[in-house]
Amino acid sequence: MARTKEQDITLANSLGISYDELQQTDYKLIVVMDDSSNLGDMPVEVIVRFGKTSPKHILAKIKGINKDNEVSLSPGDAGE
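Start counting the sequence shown at 899; every next residue gets the next number (our numbering).
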């Protein structure tokens with residue numbers, strides 16, 4: 899399912915970068931689900947993984963990025 903601009907703006911704000919900067923990166927969202935809830939699968943974490951082609955000067959601005967170019971966010975912070 900395609901993400902909306904509003905979802906990407908929320909994600910960019912949570913990462914500490916602008917929407918335009920986010921659009922310049924190569925990223926993938928990995929949604930971690932909790933299937934122990936009796937309400938069914940619930941998203942509990944979203945990992946944002948940035949590809950090798952993402953500009954290094956933008957990655958350097960991202961709050962909480964690790965050495966694997968990943969950031970862990972709550973589903974709401976990722977715009978999910």
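A virtual CB, placed ideally from N, CA and C, is assigned to each residue, including glycine. Values in this document were obtained by computation on a predicted structure and should not be read as measured data.
Closest residue to residue i among the options (Cα-Cα distance)
i, options, result
"Asp918", "Val944, Ile928, Ser952 and Gly974", "Ser952"
"Arg947", "Thr923, Thr908, Gly977 and Pro973", "Thr923"
"Ala976", "Asn964, Lys954, Ala900 and Ile945", "Ile945"
"Leu913", "Gly974, Ser970 and Lys961", "Lys961"
"Ile915", "Pro973, Lys959 and Arg901", "Lys959"
"Asn971", "Met931, Lys954 and Ile956", "A small fix is needed here, since residue 971 is Leu in this sequence, not Asn. When only C-alpha atoms are compared, the closest one is Met931."
"Val942", "Asn967, Ile928 and Leu957", "Ile928"
Under the three-state DSSP convention, the category residue i falls into
i, result
"Lys954", "helix"
"Lys903", "helix"
N- and C-terminal bounds of the alpha helix (DSSP H) containing residue i
i, result
"Asp918", "Tyr917 to Gln921"
Extent of the continuous beta strand (DSSP E) to which residue i belongs
i, result
"Lys959", "Element bounds for Lys959: n/a, residue is neither H nor E."
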